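Working notes, structure below.
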Amino acid sequence: MPSLPLAALSGVLLFLSFPNLGHPAVAWLAVVPLLVALARANPWQGLRLGAVTGVVHFAGTLYWIPAVMVDYGGLPAAAAWPVHALLVVFLALFPALFAAGVADLALRFGARGLLFAPALWVTTELGRIHLFTGFPWALLGYSQVPFPAVAQTASIAGVLGVSALVVLVNATIAYAVVAAPGTRRTPVLATAAVVFAAAAFGAWRIEDGSLLRAGDPLRVAALQGNVRQDEKWNPLRGDAILDTYLGQTRRAAAAGAGLVVWPESATPFALDRDPRGEAVRAVARETAAHLLVGTTEVVREGGTRYYNAAYLIEPEQGSTSGVYRKQRLVPFGEYVPLRQALFFVSPLVESVAGFSAGTESRTLPVGGSAVGTAICYEIIYPGLVREFVLRGSRLLSTVTNDAWYGRSAAPYQHFQQATMRAIEQGRFLVRAANTGISGVIDPYGRVLARSGLFEPAVVVEDVRLLDDLTVYGRFGDAPAYAGAAIAALALWGGRRRRIRG
2 MPSLPLAALS GVLLFLSFPN LGHPAVAWLA VVPLLVALAR ANPWQGLRLG AVTGVVHFAG
62 TLYWIPAVMV DYGGLPAAAA WPVHALLVVF LALFPALFAA GVADLALRFG ARGLLFAPAL
122 WVTTELGRIH LFTGFPWALL GYSQVPFPAV AQTASIAGVL GVSALVVLVN ATIAYAVVAA
182 PGTRRTPVLA TAAVVFAAAA FGAWRIEDGS LLRAGDPLRV AALQGNVRQD EKWNPLRGDA
242 ILDTYLGQTR RAAAAGAGLV VWPESATPFA LDRDPRGEAV RAVARETAAH LLVGTTEVVR
302 EGGTRYYNAA YLIEPEQGST SGVYRKQRLV PFGEYVPLRQ ALFFVSPLVE SVAGFSAGTE
362 SRTLPVGGSA VGTAICYEII YPGLVREFVL RGSRLLSTVT NDAWYGRSAA PYQHFQQATM
422 RAIEQGRFLV RAANTGISGV IDPYGRVLAR SGLFEPAVVV EDVRLLDDLT VYGRFGDAPA
482 YAGAAIAALA LWGGRRRRIR G
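Numbering follows the numbering used here, in which position 462 of the sequence shown is assigned residue number 463; successive positions increment by one, without gaps.
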């Protein structure tokens, strides 16, 4: 089969590895066609093949972005699709670099060069997390959240460790396809042993279940007001929206919730700058519940600045006991990079509010415990959430507004990525989303309760406030950086070798 169709096939299989378009089992074969093509390619050919895979993969996985820009950003389709194409091409650079590296190693070491693919893949995913503010949406390891035993690897090596495990299987299959018959046995057996060990560890961790018995109990609630995006900032709807959340808070407290989580930007006003904020504080006093409220914070010292924030309202006085300001802002959603240069998307530039970024991973106090709160797509940054836990967070929460995405795959992808954070950090996680999916997830990545899309909901569940750190919580992405070092040494150390076969 020609190389370009193989590369395109890998792109299709990759986006079919993620919800809600495909199945996680597909990921274990998704990269095989590309790797088979790379076994007989030079680095420049590999770069092109990887770019084809990346374009198909990200165009399929992120198909929902143009509709967001048209429906809510005010862009005509003729401008939205080129902006989408630029993002896809940028993200495709990472699999392109991966493929160029694999082709180079295959040129030097023969078929054995394919076995460096996990290290190279993880290196490029690290790049997606950190370079140019990062956009680590749909890292390959996220696809395995529905397979709990496999996903527990994240408690040791994070989502990148799961990615490496999946690519290892892909690389071994590709090696078995292209290598000489007498050389296949050892890599296949070694990979089978690694996968078996990972799955056995995961099954043991889940069966042990010690995190379900440790710590202190707390009943939590996630509110889902189901406010349409085109109504969210309509001044005629402001009081009705507030009444919805006040009523849901009372229902949650009546069900015993001690912590009630409102979604991102739940109040249609700045909590501290509007008289209606007193109603929020009053319901905290009335229900004796802690409220975690997504709102806008306006700071007028030294000029006016706006923050996408989460407030913790304590029940005794109804006062603010902590504020977290969102650190990772959404490009083209909360700020516009290169605003002056992007004149051709002027409707979007004019409609985007200029939010400022927070600078601290501040936890919020709930009684005598700390809670970390990621706002919207911050939850896809493993290191940011880990920082909350290192600062003492005993419970994770995330507030978001996924109304932008409609009924596309995006809310399902976003929820899946939040679930991985619970596994990595060994913490219960509460997720409140404006239009869904809201839910509560245990430290093993199992969904205890969840809402549907576009329905009002009050999700109440018992959690535990935990203290112990996972291996990943202690050491972070050290295994991934070790993989990057292996990739660099392989590329450098074999630079004089040229072997085929």
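Cβ atoms here follow ideal geometry from the backbone N, Cα and C, with glycine treated the same way. As the structure is a computational prediction, the values presented were derived from the model and not from experiment.
Query: Cβ contact check for the stretch 307-321 and the stretch 358-376: 3 or more pairs under 8 Å; Result: yes
Query: Rounded Cβ spacing between residue 435 and residue 265 (contact assumed at less than 8 Å); Result: 7 Å
Query: Cross-strand partners of residue 440 (DSSP beta bridge); Result: 432, 451
Query: Presumed contact (8 Å Cβ cut-off) between residue 290 and residue 260, rounded CB distance; Result: 7 Å
Query: Rounded separation between residue 442 and residue 115 - CA only; Result: 37 Å
Query: Any 3 or more C-beta pairs closer than 8 Å across the stretch 134-151 and the stretch 23-41; Result: yes
Query: Counted within 10 angstroms of its Cβ, other Cβ atoms place residue 211 as buried (16 or more) or exposed; Result: exposed
Query: Presumed contact (8 Å Cβ cut-off) between residue 428 and residue 444, rounded CB distance; Result: 6 Å
Query: Every unbroken beta strand (DSSP E) within the stretch 254-283, with a cutoff of 3 residues, ordered by chain; Result: 260-262
Query: Alpha-carbon spacing of residue 358 relative to residue 484, whole angstroms; Result: 31 Å
Query: First through last residue of the beta strand (DSSP E) which encompasses residue 381; Result: Taken as a continuous stretch (DSSP letters only), residue 381 belongs to no beta strand (DSSP E), as it is neither H nor E.
Query: Residues that DSSP places opposite residue 314 in a beta bridge; Result: 292, 321
Query: Start-end ranges of the beta strand (DSSP E) lying completely within the stretch 122-191, minimum 3 residues; Result: none
Query: Under 8 Å between C-beta atoms of residue 376 and residue 400; Result: yes
Query: Identity of the residue in 27, 329, 54, 29 nearest residue 38 by Cα; Result: 54
Query: Residue 426 to residue 432 span [Cα, whole Å]; Result: 15 Å
Query: Cβ neighbours of residue 391 in the same chain (closer than 7 Å, five flanking residues each side left out); Result: none
Query: Residues near residue 331 in its chain [Cβ-Cβ closer than 8 Å; skip 5 each side]; Result: 377, 378
Query: Start-to-end residues for the alpha helix (DSSP H) that takes in residue 225; Result: Residue 225 -> not in any alpha helix (DSSP H); beta strand (DSSP E) instead, spanning 217-225.
Query: Distance, residue 75 Cα to residue 352 Cα; Result: Here the model assigns residue 352 a pLDDT of 43, short of 50, so the residue's position is not dependable, and the following value carries that caveat. Computed Cα separation, rounded: 7 Å.
Query: Between the CA atoms of residue 103 and residue 177 - distance to the nearest angstrom; Result: 16 Å
Query: The alpha helix (DSSP H) enclosing residue 463, as first and last residue numbers; Result: Counting along the chain, residue 463 falls outside any alpha helix (DSSP H), though it belongs to the beta strand (DSSP E) covering 458-466.
Query: Buried or exposed by the 16-neighbour rule on C-beta atoms within 10 Å, applied to residue 341; Result: Because the pLDDT at residue 341 is just 48, under 50, the model does not fix this residue reliably, and the value given afterwards should be weighed accordingly. By the neighbour-count rule (16 or more Cβ atoms within 10 Å), residue 341 is not buried but exposed.
Query: Proximity below 8 Å, CB of residue 406 to CB of residue 356; Result: no
Query: For residue 23: DSSP bridge partner residues; Result: Partner(s): none; residue 23 has no beta bridge.
Query: Proximal residues to residue 48 (C-beta, below 6 Å), its chain only, five neighbours per side dropped; Result: 97, 101
Query: Residue from 174, 90, 69, 92 whose Cα sits closest to the Cα of residue 81; Result: 69
Query: 8 Å contact criterion, which residue 296 and residue 272 should meet: CB distance rounded; Result: 4 Å
Query: Own chain partners of residue 1 with C-beta closer than 7 Å, once the 5 adjacent residues on each side are dropped; Result: Because the chain here runs from 2 to 502, residue 1 falls outside it and cannot be looked at.
Query: Residue-level contact to chain C via CB, residue 136, 8 Å cutoff; Result: Structure shown: chain C not included; a single protein chain is present.
Query: For residue 398, the first and last residue of its enclosing beta strand (DSSP E); Result: 394-401
Query: For residue 193 and residue 187, the rounded distance between their alpha carbons; Result: 10 Å
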